[in-house]
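A.B. asks: Following this message is one structure expressed as structure tokens.
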Amino acid sequence: MKDKTVYIFWSGGWDSTFRMIQLSQMDITIQPLYVISECLYGKNENELIAMGKILEKIKLLKDFKATINPISFYKEKDIITQYFEQEVKNAYQFYHEKYKLGNQYTWFAMLAHHLNIKAELGIEKIIEGKIDKTFKEGKLIDIGENRLMFDLKKSPKELVSLFDYAIFPIYHYSKLDIRSVCEQNGWMDIMELTWFCHKPIKGKPCGLCNPCRDAMKEGMGYRLPFEAKLRYYWYNNKIREFLRKIFSPLLTFLKNKQK
Ligand SMILES: [Zn+2]
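Numbering (our numbering), first residue to last: 364 to 622.
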């Protein structure tokens with residue numbers, strides 16, 4: 364019986380897509396939520412295109428079991444005008460100043476409070492990342508199947524305001540763990556469709572925004588086009604390293620030829 368509905372904030376990115384795939388294998392109803400941000404760079408469009416392709420592929424998986432409801436869309440602008448909560452904003456500012464926490468968590472909290480739901484946030488563990496530093500201030504408890512929530516009594520009020528609704532189902536995974544689970548299950552072709560860039564240039568990853576830089580640092584640079592890698596190395600003063608990488612096969616080839 365599909366009497367269980369799981370709400371999930373799905374962005375079409377690596378982490379939340381991984382959770383979408385996991386959920387798709389369960390006998391449940393999935394209600395994806397998507398917040399349209401005030402972004403001029405075409406981030407939303409690229410994410411939504413990716414999500415359309417991902418959904419098609421998820422439905423073809425041999426263990427696909429869930430019912431996936433149509434995505435519910437909300438606008439960032441509407442959330443912060445209609446469902447505004449000063450406490451949530453203060454809590455966000457506190458952790459933003461301290462650890463550079465992203466502002467999407469304000470919209471998610473205000474929306475979840477308004478809808479009166481608990482919702483999953485697909486966040487992986489990056490040791491010493493901004494989330495890790497923020498989360499360490501509170502106490503996470505396992506509510507079953509490795510899904511974590513903050514202990515509302517033993518966590519500071521700022522964390523409670525921002526994350527009281529949130530279930531973290533994949534916080535015990537690192538990016539590499541996720542990759543190996545996906546490889547074992549044959550999900551990598553779906554994961555390759557995920558979108559990560561916040562400021563795409565002509566519809567392609569930019570190489571400059573935080574997620575692009577993370578992709579480069581975490582060994583996923585193959586997902587960026589040549590121009591984006593060039594931008595990354597150029598702006599990070601790593602151009603010499605980049606040139607060496609490009610030309611070293613050529614130099615080795617020429618050296619071997621001379622011998
Ligand atoms: Zn980017």
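Positions of the beta carbon are idealized from the N, C-alpha and C atoms, including for glycine.
Keep in mind it's a predicted model, so treat the numbers as computed, not measured.
1. In its own chain, which residues sit with a C-beta less than 7 Å from the C-beta of E439, not counting the 5 before and 5 after it?
2. Tell me the DSSP secondary structure of E410 in three-state form.
3. Taking the continuous beta strand (DSSP E) assigned at L571, which residues delimit it?
4. Just to confirm, is the Cβ distance from A472 to L396 under 9 Å?
5. For W597, count neighbouring Cβ atoms within 10 angstroms of its own Cβ and tell me buried if that reaches 16, exposed if not.
6. Of the residues F559, F457 and P563, which one's Cα is nearest the Cα of I379?
7. Check whether the Cβ of F559 sits closer than 8 Å to any heavy atom of ligand 1, and report yes or no.
8. Could you tell me the boundaries of the alpha helix (DSSP H) in which Q467 lies?
9. So, helix, strand or coil for S374, using DSSP?
10. Is the beta carbon of Y534 sitting closer than 9 Å to the one on L571?
11. Starting from K520, follow the alpha helix (DSSP H) in both directions and report where the run begins and ends.
12. Go ahead and label G375 buried or exposed: buried means 16 or more other beta carbons lie within 10 angstroms of its beta carbon, across all protein chains shown.
13. Would you call G465 buried or exposed, if buried means 16 or more other Cβ atoms sit within 10 Å of its Cβ?
14. Express the C-alpha separation of K367 and I431 in angstroms, rounding to a whole number.
15. Sorry if obvious, but does the Cβ on C569 come closer than 8 Å to a heavy atom of ligand 1?
16. Going by beta carbon distance, what residues of the same chain come within less than 7 Å of Y536, once the five residues before and after it are set aside?
17. For I371 versus G492, is the C-beta distance shorter than 9 Å?
18. Excluding five sequence neighbours on each side, which residues of the same chain lie with their C-beta closer than 6 Å to the C-beta of M364?
19. So for P395, helix, strand or coil by DSSP?
20. Tell me where the beta strand (DSSP E) around Y437 begins and ends.
21. With a threshold of 8 Å (Cβ to nearest heavy atom), would P574 be considered close to ligand 1?
22. Taking 8 Å as the line, does the beta carbon of A413 fall inside it for any heavy atom of ligand 1?
23. By alpha-carbon positions, which one of Y404, K516, L418 and G405 ends up nearest to S635?
C.D. replies: Taking the geometry as given:
1. V398, I399, S400, E401 and W470
2. helix
3. Unbroken run through L571: none, as it is neither H nor E.
4. no
5. exposed
6. Residue 379 is actually Ser in this sequence, not Ile. That would be F559, whose Cα lies nearest to the Cα of S379.
7. yes
8. Q467 to L478
9. coil
10. no
11. K520 to F526
12. buried
13. exposed
14. 12 Å
15. yes
16. E487 and K488
17. no
18. Here M364 scores only 47 on pLDDT, less than 50, and its place in the model should not be relied on; the value that follows carries that caveat. Closer than 6 Å at Cβ, skipping near neighbours: no residue.
19. strand
20. S435 to K438
21. yes
22. no
23. Any property of residue 635 remains undetermined from this structure, which presents the chain solely from 364 to 622.
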